[in-house]
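Numbering (full-length UniProt numbering), first residue to last: 1 to 91.
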């Protein structure tokens, strides 16, 4: 996870918090957080990076719509990241 961008980590967190969201669902959620439009040219290459790294799996809902789901490796990466963060941030 240490080689992911902040944007990629945000995508990973959104996917983890949802039940097999579509790309559009992820886009809507991230746009709400960033308060700005996220274009497809930014979103989908970053989702593909998460898939290629094994943190997310990509499946097909229908012929036009893909879903994304966190993998065990992705869950482990998030858990390790949160443990690392907790050394520095005590909420």
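Where is the CB? At the ideal position from N, CA and C, for every residue including glycine.
- Counting along the chain, the unbroken beta strand (DSSP E) around residue 59 starts and ends at 56-60.
- The C-beta separation of residue 15 from residue 77 comes to about 12 Å, leaving the pair out of contact by the 8 Å criterion.
- Per DSSP, reduced to three states, the secondary structure at residue 38 is coil, with no helix or strand assignment.
- Boundaries of the beta strand (DSSP E) around residue 67: 66-70.
- In its chain, beyond the 5 residues on either side, 26, 30, 46, 47, 50 have a beta carbon closer than 7 Å to the beta carbon of residue 11.
- About 7 Å separates the beta carbon of residue 43 from that of residue 23, a gap short enough to meet the 8 Å contact definition.
- Counting only the Cα atoms, residue 53 lies some 9 Å from residue 1.
- If the five residues before and after residue 66 are omitted, its C-beta is found closer than 8 Å to the C-beta atoms of 22, 23, 58, 59, 60, all from its own chain and listed in chain order.
- A residue is called buried when at least 16 other Cβ atoms come within 10 angstroms of its Cβ; residue 87 does not meet this threshold and is exposed.
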